[in-house]
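Sequence lines, in order, name chains W and L.
When you read off a place in the first sequence, starting at 1, and then add 503, the result is the number in my numbering.
When you read off a place in the second sequence, starting at 1, and then add 503, the result is the number in my numbering.
Below is one structure, written out as structure tokens; comments come after it.
2 protein chains.
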Amino acid sequence: MSLPLSLNTATVRAQWSLEQVIEGCARHGITGISPWRDKLAECGVRRAAELIRKHGLAVTGLCRGGMFPAADEAGRRAALDDNRRAIDEAAEIGAQCLVLVVGGIPAGSKDIDGARTQVEDGISAMLPDARAARVPLAIEPLHPMYAADRACVNTLGQALDLCDRLGEGIGVAVDAYHVWWDPDLARQIARAGRRILAYHICDWLVPTTDLLLDRGMMGDGVIDLPRLRAMVERAGYKGHQEVEIFSANNWWKRDADEVVRTCIERCRTVC
Amino acid sequence: MSLPLSLNTATVRAQWSLEQVIEGCARHGITGISPWRDKLAECGVRRAAELIRKHGLAVTGLCRGGMFPAADEAGRRAALDDNRRAIDEAAEIGAQCLVLVVGGIPAGSKDIDGARTQVEDGISAMLPDARAARVPLAIEPLHPMYAADRACVNTLGQALDLCDRLGEGIGVAVDAYHVWWDPDLARQIARAGRRILAYHICDWLVPTTDLLLDRGMMGDGVIDLPRLRAMVERAGYKGHQEVEIFSANNWWKRDADEVVRTCIERCRTVC
Chain W
504 MSLPLSLNTA TVRAQWSLEQ VIEGCARHGI TGISPWRDKL AECGVRRAAE LIRKHGLAVT
564 GLCRGGMFPA ADEAGRRAAL DDNRRAIDEA AEIGAQCLVL VVGGIPAGSK DIDGARTQVE
624 DGISAMLPDA RAARVPLAIE PLHPMYAADR ACVNTLGQAL DLCDRLGEGI GVAVDAYHVW
684 WDPDLARQIA RAGRRILAYH ICDWLVPTTD LLLDRGMMGD GVIDLPRLRA MVERAGYKGH
744 QEVEIFSANN WWKRDADEVV RTCIERCRTV C
Chain L
504 MSLPLSLNTA TVRAQWSLEQ VIEGCARHGI TGISPWRDKL AECGVRRAAE LIRKHGLAVT
564 GLCRGGMFPA ADEAGRRAAL DDNRRAIDEA AEIGAQCLVL VVGGIPAGSK DIDGARTQVE
624 DGISAMLPDA RAARVPLAIE PLHPMYAADR ACVNTLGQAL DLCDRLGEGI GVAVDAYHVW
684 WDPDLARQIA RAGRRILAYH ICDWLVPTTD LLLDRGMMGD GVIDLPRLRA MVERAGYKGH
744 QEVEIFSANN WWKRDADEVV RTCIERCRTV C
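Printed below as a string of structure tokens:
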């Protein structure tokens with residue numbers, strides 16, 4: 504028996520507004536949703552919160568906060584301000600967590616260790632606000648191919664080390680696409696335990712033709728999703744599995760209802 | 504003061520034959536060379552060995568053995584046969600190591616752990632031949648974005664765990680492109696010590712437009728190469744730094760002498 508399904512708005516981002524995603528989830532019997540902030544802004548946070556409540560959807564996460572490193576102090580302060588707004592939005596829509604894509608190396612720098620320090624400082628600065636708003640922060644380790652420009656937290660172990668140092672109110676988002684290759688994965692998922700705040704799925708295609716926008720539908724790639732799900736369940740995770748597929752040349756070009764039906768069918772059969 | 508320079512034939516693979524690379528290295532004062540086996544086969548192993556000796560070049564590695572996992576026993580046996588031929592070739596040209604790109608997940612499989620077991624079994628089977636031929640094997644951990652289709656050994660730590668289990672006659676090739684992102688890198692390079700058999704350099708471009716053929720010239724990306732070199736030197740490495748750049752749309756389209764001059768200049772200034 505699979506975990507319940509949540510639809511990340513990125514999966515149908517080319518086709519549907521947030522309002523359409525909410526109605527689409529309700530229509531297809533999907534019980535969870537995870538909006539990106541651009542879609543949330545288009546809809547309006549208050550209106551989105553009402554629609555989500557009306558349809559009884561769980562909000563499995565808000566995507567995304569983070570992007571802490573910057574070339575100067577003003578840039579870092581702007582990032583913190585934006586993260587505090589993200590906390591407010593997450594609270595208003597009742598999100599189970601605010602997902603953090605922590606950011607990469609600032610332009611002009613080659614100092615990945617420095618960027619990592621900026622990430623830790625940034626999270627540390629926003630964490631009291633997140634705790635006060637009762638919005639758990641979920642660090643999402645991103646695949647190492649994004650280390651330079653999107654996230655310099657690149658393994659689950661590294662994310663958990665951060666959590667260990669930061670204390671209460673913070674955990675991780677485990678995304679199959681980002682972590683499936685990690686030789687230390689089983690051990691780190693067990694270590695994560697109840698700190699797994701979200702579980703994202705899609706698949707790694709062979710070949711992968713684009714670093715960002717060529718993720719696969721579950722079952723079309725090489726990730727052993729049932730094994731990964733069993734690991735997160737064994738660690739104590741009881742939440743939704745959230746489908747997040749960036750696919751410029753395939754799934755974003757299809758009819759959104761077909762995409763959603765395929766997600767549901769694949770979740771039943773190969774996840 | 505930088506480590507001496509070696510030219511991997513891949514860096515000018517679109518422009519030069521092995522014979523031209525050998526003569527080019529001699530002409531430009533480069534003291535090391537690392538051929539790929541396709542170029543070696545074109546030239547003929549014996550003739551290549553003579554030319555390399557004549558010009559007094561160090562052979563910093565032969566690229567490449569590996570590719571162990573296969574869907575069936577016949578495939579695995581064929582891989583072993585090919586690896587034994589690679590050992591003979593490496594011995595004949597006096598290569599300091601045979602670089603192993605270990606292979607990914609066999610077609611139709613989603614079992615990365617199984618592929619990793621096949622890799623260990625394969626290396627274990629060829630290692631006695633390598634020892635007998637006095638050809639050190641260098642496991643090259645590849646960037647995790649190649650885990651599915653090229654190499655399921657994806658971190659230096661994982662490669663060293665393999666070395667620990669396999670015993671004498673085996674070490675690692677540290678390639679900046681594959682390992683620069685690793686949060687555990689400094690510790691693992693120190694752990695590697697004298698088991699670092701080769702050190703490869705190029706750069707990670709932002710953005711990177713192709714998973715395979717968009718590597719950058721040293722200095723054009725985000726890798727802190729002086730810091731990485733200091734780490735491998737501190738670990739005891741005294742060999743060449745080998746330039747290996749796959750660049751379909753830039754460096755492979757330029758005049759090879761210009762490429763070589765640029766490598767030399769960048770090695771002086773940014774490595």
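Built from N, CA and C at the ideal position, the CB exists for glycine as well.
I'd like to confirm the pairing. Which residues does DSSP put opposite residue i in its beta bridges?
| i | result |
| --- | --- |
| W:Gln744 | W:Leu508, W:Tyr702 |
| L:Trp539 | L:Cys566 |
| W:Ala627 | As written in the sequence, residue 627 of chain W is Ser, which differs from the Ala given in the question. Looking at the DSSP assignment, W:Ser627 forms no beta bridge with any residue, so it has no partner. |
| L:Gly606 | L:Ala654 |
| L:Ser750 | L:Asp717 |
| L:Ile642 | L:Leu603, L:Val675 |
| L:Ala574 | For L:Ala574, which the question treats as bridged, DSSP gives no partner whatsoever. |
| W:Ala544 | In the DSSP output, where bridge partners are listed per residue, W:Ala544 has none listed. |
| W:Ala636 | W:Ala636 pairs with nothing; no bridge assigned. |
| W:Ala561 | W:Gly535 |
Once the 5 residues before and after residue i are set aside, which same chain residues still bring their CB inside 8 angstroms of it?
| i | result |
| --- | --- |
| W:Arg653 | Val604, Gly606, Gly607, Leu645 |
| W:Glu736 | Leu506 |
| W:Cys666 | Ile642, Ile673, Gly674, Val675, Arg698 |
| W:Arg764 | His531 |
| W:Ile767 | Leu508, His531, Gly532, Ile533 |
| L:Glu623 | Leu665, Arg668, Leu669 |
| L:Leu510 | Val524, Gly527, Cys528, Ile533, Gly535, Ile536, Ser537, Glu745, Val746, Val763, Cys766 |
Answer with buried or exposed for residue i, where buried requires no fewer than 16 other C-beta atoms within 10 angstroms of its C-beta.
| i | result |
| --- | --- |
| W:Lys613 | buried |
| L:Ala544 | exposed |
| W:Pro572 | buried |
| W:Asp470 | Lying outside 504 to 774, the shown extent of chain W, residue 470 of chain W is not represented and no answer is given. |
| L:Arg718 | buried |
| W:Asn752 | exposed |
| L:Ala577 | exposed |
| L:Pro631 | exposed |
| W:Asp723 | buried |
| W:Pro710 | exposed |
| W:Thr712 | exposed |
| L:Arg771 | exposed |
| L:Pro693 | Here the sequence assigns Ala to residue 693 of chain L, which means Pro is not the residue at that position. With fewer than 16 Cβ atoms within 10 Å of its Cβ, L:Ala693 is classed as exposed. |
| L:Ala635 | exposed |
| L:Ala650 | buried |
| W:Gly739 | exposed |
| W:Gly696 | exposed |
| L:Gly568 | buried |
Who are the near neighbours of residue i in its chain, counting only those whose CB is closer than 6 angstroms to its CB and skipping five residues on each side?
| i | result |
| --- | --- |
| W:Val638 | Ile590, Ala593, Ala594, Leu601 |
| L:Ile615 | Ile608, Cys655 |
| L:Gln518 | Ala759 |
| L:Ile726 | Ala679, Trp683, Asp706, Trp707 |
Could you name the residues of the same chain whose beta carbon sits closer than 7 angstroms to that of residue i, not counting the 5 residues immediately before and after it, in chain order?
| i | result |
| --- | --- |
| L:Ala582 | Met570, Phe571, Ala573, Gly625 |
| W:Ser520 | Lys542, Glu545, Cys546 |
| L:Gly660 | Asp687, Gln691 |
| W:Ala598 | Val562, Gly564, Leu565, Val638 |
| L:Pro647 | Asn657 |
| W:Leu716 | Phe749, Ser750, Ala751 |
| W:Arg769 | Met720, Met721, Gly722 |
| L:Ala662 | Ile642, Pro644, Val656, Val675 |
| L:Val762 | Thr514, Val515, Trp754 |
| L:Arg587 | Met629, Asp632 |
Would a check of beta-carbon distances place residue i closer than 8 angstroms to chain B?
| i | result |
| --- | --- |
| L:Asp585 | Here chain B cannot be found, since the structure's protein chains are W and L. |
Proximal residues, the region 637-649 of chain W versus chain L, C-beta separation under 7 angstroms: His646, Pro647, Met648
What residues in the region 611-625 of chain W have a beta carbon less than 9 angstroms from any beta carbon of chain L? Ser612, Lys613, Asp614, Ile615, Asp616, Arg619
Which residues of the region 657-669 of chain W have a Cβ closer than 7 angstroms to any Cβ of chain L? Give them in chain order. Asn657, Thr658, Gln661
Examine the Cβ distances between the region 554-561 of chain W and the region 517-526 of chain W and report whether three or more of them are shorter than 8 angstroms. Yes, the region 554-561 of chain W is in contact with the region 517-526 of chain W.
Residues of the region 718-730 of chain W with a CB closer than 9 angstroms to any CB of chain L: list them in chain order, please. Flagged, chain order: Gly724, Val725, Ile726, Asp727, Leu728, Arg730.
How about the region 743-758 of chain L and the region 693-712 of chain L: do they share at least three Cβ pairs that are nearer than 8 angstroms? Between the region 743-758 of chain L and the region 693-712 of chain L, the count of Cβ pairs shorter than 8 angstroms is three or higher; the stretches touch.
Please identify, using Cβ separations under 9 angstroms, the residues of the region 693-714 of chain L that lie next to chain W, in order along the chain. Trp707, Leu708, Val709, Pro710, Thr711, Thr712, Asp713, Leu714
Which residues, in order along the region 555-573 of chain W, keep a beta-carbon less than 8 angstroms from a beta-carbon of chain L? none
Could you say if the region 688-696 of chain L and the region 726-741 of chain L meet the contact criterion of at least three C-beta pairs nearer than 8 angstroms? yes
Taking any Cβ of chain L, which residues in the region 678-689 of chain W have a Cβ under 7 angstroms from it, in chain order? Trp684, Pro686
Taking a Cβ distance cut-off of 7 angstroms, strictly less, list which residues of the region 736-753 of chain W are near chain L, in chain order. Listed by position along the chain: nothing, the set is empty.
So if I threshold CB-CB distances at 9 angstroms, which residues from the region 526-548 of chain W count as touching chain L? none
Given a limit of 7 angstroms on CB to CB distance, which residues of the region 596-611 of chain L reach chain W? Ile608
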